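Quick note: the sequence shown uses this note's numbering, first residue 4, plus one each step.
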Amino acid sequence: MDTENSGKGVETAERTEGAVPSEERALAEALARLQAEAQEKDKALAALTERARLAAAKYRQVALTAAPEVPEEMVQGETVEEIDAALARARKLVEEVRKRTAARAAESPRTPAGAPVRSAPDLSGLTAREKIAYGLARRE
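Laid out in structure tokens, this is it:
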């Protein structure tokens with residue numbers, strides 16, 4: 004009986020050894036396939052990320068066009084959400100500056116800028132002879 008059992012063990016060992024390389028090949032092929040899929044997905048992700056970045060840049064331009072009072076430098080961001088948040092902060096700041104400017108303008112007295120308007124001399128109090136003399140003097 005010993006010889007029978009030892010013969011079966013050899014057969015099982017041979018089958019197991021023969022199966023290992025084929026399993027390794029199958030695993031290697033599966034690994035290669037999964038790595039190729041991962042590379043394709045990485046490329047697709049990179050393309051989508053670039054498209055999202057370009058879309059956010061276009062959104063920023065549209066938002067700045069719609070809000071010309073906001074300085075461009077104040078609106079930065081890589082995503083639409085970041086741009087929206089920056090735009091909200093910029094609008095709030097612009098509104099605060101407007102309020103402060105209006106308050107200062109209301110506090111200070113209004114003074115005309117520059118010299119007063121020049122007007123022609125009033126000749127109504129002059130006699131006819133004085134008016135003629137004035138006119139002749141201006142001709143020269």
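Yeah, the Cβ is synthetic: ideal placement off N, Cα and C, and Gly gets one too. Keep in mind the model is a prediction, meaning the values are calculated, not measured.
Pairwise C-alpha distance: residue j and residue i
{"i": "T114", "j": "R56", "result": "51 Å"}
{"i": "L129", "j": "A105", "result": "48 Å"}
{"i": "A60", "j": "A69", "result": "14 Å"}
{"i": "L126", "j": "R141", "result": "13 Å"}
{"i": "R92", "j": "V100", "result": "12 Å"}
{"i": "P76", "j": "R107", "result": "The displayed chain sequence assigns Glu, not Pro, to residue 76. Roughly 26 Å separates the two Cα atoms."}
Closest by C-alpha distance to residue i, when choosing among the options
{"i": "L90", "options": "V65, E110 and R54", "result": "V65"}
{"i": "P74", "options": "A88, G138 and V97", "result": "V97"}
Beta-carbon proximity list for residue i, same chain, < 8 Å, skipping 5 on both sides
{"i": "Y62", "result": "V83 and I86"}
Close beta carbons around residue i, own chain, < 6 Å, minus the five adjacent residues each side
{"i": "A35", "result": "none"}
{"i": "G80", "result": "I86 and A89"}
DSSP-derived helix/strand/coil call for residue i
{"i": "S127", "result": "coil"}
{"i": "R142", "result": "helix"}
{"i": "S25", "result": "helix"}
N- and C-terminal bounds of the alpha helix (DSSP H) containing residue i
{"i": "T104", "result": "V83 to E110"}
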